[in-house]
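Colleague:
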Amino acid sequence: MRPLSSRLEALQESSTMAVANRVRELAAQGRDIVGLQTGDPDFITPAHIIEAGHRALLAGDTHYPPARGTKALLEAIAAKLERENDVRVKPTQIIATPGGKWAIYLALAALLEPGDEVILPEPAWVSYRPMIASFGGRTAGVPTSSSDGYVLTADALRAALTPRTKALLVNSPSNPHGHVFTRAEFDAIAEFVLANDLWLISDEIYERITFDGRQHLSFAADARVADRTILVNGFSKTYAMTGWRLGYLAAPPPVVDLALRLQSQAVTSASTVAMAAGVAALSGPQDCVAEMVAAYDDRRRYFVGALRDIGLPCPDVEGAFYVFTPTPREWPGGSDAFARELLDVAGVATVPGGAFGPAGEGHVRATLATSMAELERAAERIRAFVRQRVGSPA
Ligand SMILES: Cc1ncc(COP(=O)(O)O)c(C=O)c1O
179 MRPLSSRLEA LQESSTMAVA NRVRELAAQG RDIVGLQTGD PDFITPAHII
229 EAGHRALLAG DTHYPPARGT KALLEAIAAK LERENDVRVK PTQIIATPGG
279 KWAIYLALAA LLEPGDEVIL PEPAWVSYRP MIASFGGRTA GVPTSSSDGY
329 VLTADALRAA LTPRTKALLV NSPSNPHGHV FTRAEFDAIA EFVLANDLWL
379 ISDEIYERIT FDGRQHLSFA ADARVADRTI LVNGFSKTYA MTGWRLGYLA
429 APPPVVDLAL RLQSQAVTSA STVAMAAGVA ALSGPQDCVA EMVAAYDDRR
479 RYFVGALRDI GLPCPDVEGA FYVFTPTPRE WPGGSDAFAR ELLDVAGVAT
529 VPGGAFGPAG EGHVRATLAT SMAELERAAE RIRAFVRQRV GSPA
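Numbering-wise, the working numbering puts 462 at position 284 of the sequence shown, and it's gapless, one number per residue.
Structure (structure tokens):
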């Protein structure tokens, strides 16, 4: 047989999927696992959003939509961006996509030539590096650290710059560590992008999930970089709509033009039912979002406190819905081994920090998108596991 694509052979399976597969294996053996590995809210999509999708289908909205998205959804997104983010774009600068993930893929597809480099502050979401590699691009990781709150500095960005740098990809609030850019970081990033003639991809999928009064800032609202920013967002996290597969990008017209060509040739569009539901999500009551964020807030307070009590020096969570905690230093085999043994021995599934780039080593990520009861069960098991293996100050 002739060989398959070497570019795809080089792609790693997503580590979160790998953990999910191991959880399924253990569950099939009858093991009781507390699953803290996914970023999939435990909430069901709010009823008024489901009903809007249902109504649209019954009304016969079952045909191919325009590749860019339905007029109603594009207008609802444009209105939302203006209302909540101070971003002024025409509906023609927006593409509704099957998931925020595909919006990021389209953005990279529109920007990258083989050999181009993308600067990526790390630890970062597991899919950025493989997506960049799939276009023959190179990731220039900029390490940030829990010891200084994952703050990104202009010096660190400058150190990653080369003549091949094409873009900077940022994600605030961040998956996995939750850091929300301060105004000073935001300004440093905007100045850096402008001074070095870069594109900026801003993944804002966790924008509504911030704590302690922190405010999310959108680069597409900033006059310095609005014309070089590709804003990516989606419905999965804010509205608990992971299974609907709906996201979007808003970008300058030349980027939208190229991205739309790929979307229309590769997947046609997002689905009509998801887009009808998306209109209801953006235009309907928002108290459902506040309720879910309040639940994540309670859970992060509880779980961060529980981990500290166990002796894991877990930093505060500023946004998104994950806890990214350092593992015990003396653990043989590091955080990979810690996560593996925590799952195999104690039945608690987390994602090892190395999956989020080299700067993530020495940590594990646990989701807060699960019930308080599950977090309590997890804390109990982690306490017993750590105490048995290394002794605990708790
Ligand atoms: C940082 C980040 N960006 C984008 C996505 C993509 O989400 P979706 O494709 O469900 O919209 C995720 C999902 O986990 C994420 O964590």
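Glycine included, every Cβ here is placed at the ideal spot set by N, Cα and C.
1. Tell me which residue opens and which closes the alpha helix (DSSP H) that Gly412 is part of.
2. Buried or exposed, going by whether 16 or more other CB atoms sit within 10 Å of the CB of Val523?
3. Decide if Thr450 is buried, meaning its Cβ has at least 16 other Cβ atoms within 10 Å, or exposed.
4. In whole angstroms, give me the CA-to-CA distance for Leu520 and Glu260.
5. Contact check, Asn411 vs Glu382 under 8 Å by CB: the rounded distance?
6. My assumption, with CB atoms under 8 Å, is that Leu438 sits in contact with Ala245. Please give the rounded CB distance.
7. Kindly indicate which residue of Ala281, Ala225, Ser184 has the alpha-carbon position closest to the one of Gly462.
8. Could you spell out the range, first to last residue, of the alpha helix (DSSP H) harbouring Arg361?
9. What are the complete alpha helix (DSSP H) segments, minimum 4 residues, inside the segment 279 to 343?
10. For Lys258, which of Leu286, Asp326, Tyr426 has the nearest alpha-carbon?
11. By Cβ distance below 8 Å, which residues in the same chain neighbour Ser570 in space, the five residues on each side in sequence not counted?
12. Who pairs with Ala274 in a beta bridge, going by DSSP?
13. Buried or exposed: Leu290, going by 16 or more other Cβ atoms within 10 Å of its Cβ?
14. When you compare only the Cα positions, how much space is there between Ala572 and Ala557?
15. In three-state DSSP terms, what is Pro571?
16. Using only CA atoms, which one of Ser324, Lys279, Ala551 lies nearest to Pro301?
17. Which term fits Lys649, buried or exposed, when burial requires 16 or more other beta carbons within 10 angstroms of its beta carbon?
18. For the beta strand (DSSP E) holding Leu378, just list the boundary residues, first then last.
19. With Ala544 as the anchor, note down where its beta strand (DSSP E) starts and where it stops.
20. Measure the C-alpha to C-alpha separation of Pro351 and Met179 and round it to an integer number of angstroms.
21. Where do the N-terminal and C-terminal ends of the beta strand (DSSP E) with Pro244 fall, by residue?
22. Which class does Asn263 belong to by DSSP, given the choice of helix, strand or coil?
23. What's the call for Ala515, buried or exposed, on a 16-neighbour Cβ count within 10 Å?
24. Say yes only if the C-beta of Gly531 is nearer than 7 Å to one or more non-hydrogen atoms of ligand 1, and no if none qualify.
Modeller: Working from what's here:
1. Element bounds for Gly412: not the alpha helix (DSSP H) but the beta strand (DSSP E), 407 to 412.
2. exposed
3. buried
4. 45 Å
5. 5 Å
6. The Cβ separation is near 6 Å, so the contact holds.
7. When Ala281, Ala225, Ser184 are compared, the shortest CA-CA separation from Gly462 is found for Ala225.
8. 361 to 373
9. Taking only runs of at least 4 residues, the alpha helix (DSSP H) segments lying wholly in the segment 279 to 343 are 306 to 312, 332 to 337.
10. Tyr426
11. In this prediction, Ser570 scores a pLDDT of 48, lower than 50, which makes its location untrustworthy; the coordinate-derived value is nonetheless stated afterwards. So the list reads Ile488, Gly489, Arg561, Val564, once near-sequence residues are dropped.
12. Tyr426
13. buried
14. Residue confidence for Ala572 is low, a pLDDT of 40 falling below 50, so the modelled location carries little weight; the figure read from the coordinates is stated next. CA-CA distance, Ala572 to Ala557, rounds to 12 Å.
15. Low local confidence applies: a pLDDT of 45 at Pro571 is under 50, so the model's placement there is unreliable, and no value is given.
16. Ser324
17. Outside the shown range of the chain (179 to 572) lies residue 649, about which nothing can therefore be said.
18. 377 to 381
19. In the DSSP assignment, Ala544 falls within the unbroken beta strand (DSSP E) covering 541 to 545.
20. 46 Å
21. In the DSSP assignment, Pro244 falls outside any beta strand (DSSP E) and carries neither an H nor an E.
22. Note: Asn263 maps to helix in three-state DSSP.
23. With fewer than 16 Cβ atoms within 10 Å of its Cβ, Ala515 is classed as exposed.
24. no
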